[in-house]
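Visitor: Input: one structure, supplied below.
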Amino acid sequence: MNRNFIFVSLLATLSTVNTIPHQLYNRTNTFGPCSKAPPETVLLNVVLSPDPVIAGKNDTFTIDAKFNVEVTTSTKVYTECPVLPGTEMTAKVPVPVPATLPKTNYNFKVSIVNLSNNDVIGCSCVCW
């Protein structure tokens, strides 16, 4: 009886330890502020669909933001420009996911940059 209990305890421990890496690789992504962005940079609200991403499939990044400055026509965004300050903007951007993803962590960074002067208007990232 005692040997059976030890065997079951050991089996349960090994099963738990083996599932931990899979939980880390398949977790959903939470976007936060970009580390090197200027303080006035707007934090973008980014939602992935599907989340977590699937290798070899298309993913859709839905980006919501309310900017403090005008987003001019020299900014590449998948929405109608210009976007006036204080206006809420939503863009859905299709992104092809590579067929092979690393088994370890990977980063996502979404930036909205004014191409005429390289100012970062909005930024958000998943950085592990």
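With full-length UniProt numbering, letter number 71 in the sequence shown gets 71, and the count goes up by one each step, no holes.
All C-beta atoms in this analysis are idealised placements derived from N, C-alpha and C, irrespective of residue type, glycine included.
Note that the coordinates shown come from a computational prediction; the quantities given were computed from them, not determined experimentally.
1. CB-CB under 6 Å to K92, same chain, minus the five flanking residues each way: which ones, in chain order?
2. Is DSSP giving F67 helix, strand or coil here?
3. If you draw a straight line from the alpha carbon of G32 to that of P85, how long is it in whole angstroms?
4. Which same chain residues end up closer than 8 Å to A55 when comparing Cβ atoms and leaving out the 5 residues on each side of it in sequence?
5. State buried or exposed for V95, treating a residue as buried only when at least 16 other CB atoms are found within 10 Å of its CB.
6. Got a sec, what are the start and stop residues for the beta strand (DSSP E) V95 sits in?
7. Buried or exposed: which applies to residue 135, given that a residue is buried once 16 or more other Cβ atoms fall within 10 Å of its Cβ?
Guide: A quick look at the data gives this:
1. These residues qualify, in order along the chain: T60, T62.
2. coil
3. 22 Å
4. V97, P98, A99, T100, L101
5. exposed
6. 88-96
7. With the chain covering only 1 through 128, there is no way to say anything about residue 135.
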